[in-house]
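Scroll down for the structure; my scribbles are underneath it.
In the numbering used here, the protein residues as written are 15 to 147.
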């Protein structure tokens with residue numbers, strides 16, 4: 015029974031995060047090509063157990079994910095999670111601020127890479143420029 019609950023939470027959370035925006039295959043599809051069972055275990059843990067916890071909201075989790083992915087210059091994952099952050103209602107200005115915050119610890123090249131990726135995602139979603147006044 016518990017496994018069914020986790021599977022349901024995994025599907026619900028994944029839908030919230032990844033159902034709209036840019037068209038990019040989630041890493042799960044790559045994992046599955048190598049080991050279907052392990053891919054399912056990863057997915058259930060990451061999306062069904064970790065991301066569905068309520069200690070942090072999905073918005074907060076996505077802000078943290080985006081900060082870490084920017085800091086590690088993980089471009090493809092950052093693109094995916096910037097999109098997910100917007101899907102779950104992260105404030106676009108706050109997300110930009112997260113990337114600027116990386117300057118202190120990671121340097122301006124990291125900020126520039128993150129902002130370029132962020133701008134690409136916003137363009138793909140038809141949400142660029144941010145100031146449409």
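Just so you know, even glycine gets a beta-carbon here, dropped at the ideal spot from N, CA and C.
Distance CB(residue 32)-CB(residue 126) smaller than 9 angstroms: Here residue 32 refers to the residue found at position 18 of the chain shown. Here residue 126 refers to the residue found at position 112 of the chain shown. Against a cut-off of 9 angstroms, the Cβ pair of residue 126 and residue 32 comes out as no contact.
With 9 angstroms set as the bound, which would you pick, yes or no: does the beta-carbon of residue 141 sit closer than that to a beta-carbon of chain C? Looking at the structure shown, chain C is missing, and only one protein chain is on hand.
Output yes or no for whether 9 angstroms exceeds the beta carbon distance between residue 110 and residue 144. Locating residue 110 in the chain shown gives position 96, counting from the first residue. Locating residue 144 in the chain shown gives position 130, counting from the first residue. Against a cut-off of 9 angstroms, the Cβ pair of residue 144 and residue 110 comes out as a contact.
Residue 58 versus residue 120: straight-line alpha-carbon distance, rounded: Here the question's residue 58 lines up with position 44 in the chain shown. Here the question's residue 120 lines up with position 106 in the chain shown. Cα to Cα, residue 58 sits roughly 31 angstroms from residue 120.
Boundaries of the alpha helix (DSSP H) in which residue 104 is found, first to last residue: On the chain shown, residue 104 is found 90 positions in, with the first residue counted as 1. Taken as a continuous stretch (DSSP letters only), residue 104 belongs to no alpha helix (DSSP H), as it is neither H nor E.
With distance defined between alpha-carbon atoms, name the residue in 67, 55 and 115 nearest to residue 80. As a first step, residue 80 must be located in the chain shown, where it is residue number 66. Checked all of 67, 55 and 115; the closest Cα to residue 80 is 115.
Quick check: what's the CA-CA separation for residue 122 versus residue 16? Position 108 of the chain shown, counted from the start, is the residue given in the question as residue 122. Position 2 of the chain shown, counted from the start, is the residue given in the question as residue 16. Answer to the nearest angstrom: the Cα atoms are 45 angstroms apart.
Starting from the N-terminal side, write out each stretch of the alpha helix (DSSP H) that is 4 residues or longer and does not extend beyond the region 72–144. As far as the region 72–144 is concerned, its whole alpha helix (DSSP H) runs of at least 4 residues are 72–85, 89–101, 106–120 and 122–138.
If you check the beta carbons only, do residue 66 and residue 24 fall under 9 angstroms apart? One-based indexing of the chain shown puts residue 66 at position 52. One-based indexing of the chain shown puts residue 24 at position 10. Yes, the Cβ-Cβ distance between residue 66 and residue 24 is below 9 angstroms.
Does the separation of the CB atoms of residue 128 and residue 72 fall below 9 angstroms? Position 114 of the chain shown, counted from the start, is the residue given in the question as residue 128. Position 58 of the chain shown, counted from the start, is the residue given in the question as residue 72. The answer is no: Cβ separation not under 9 angstroms.
Assign residue 57 to one of three DSSP states: helix, strand, or coil. Taking the first residue of the chain shown as 1, we reach residue 57 at position 43. Here residue 57 sits in helix by DSSP.
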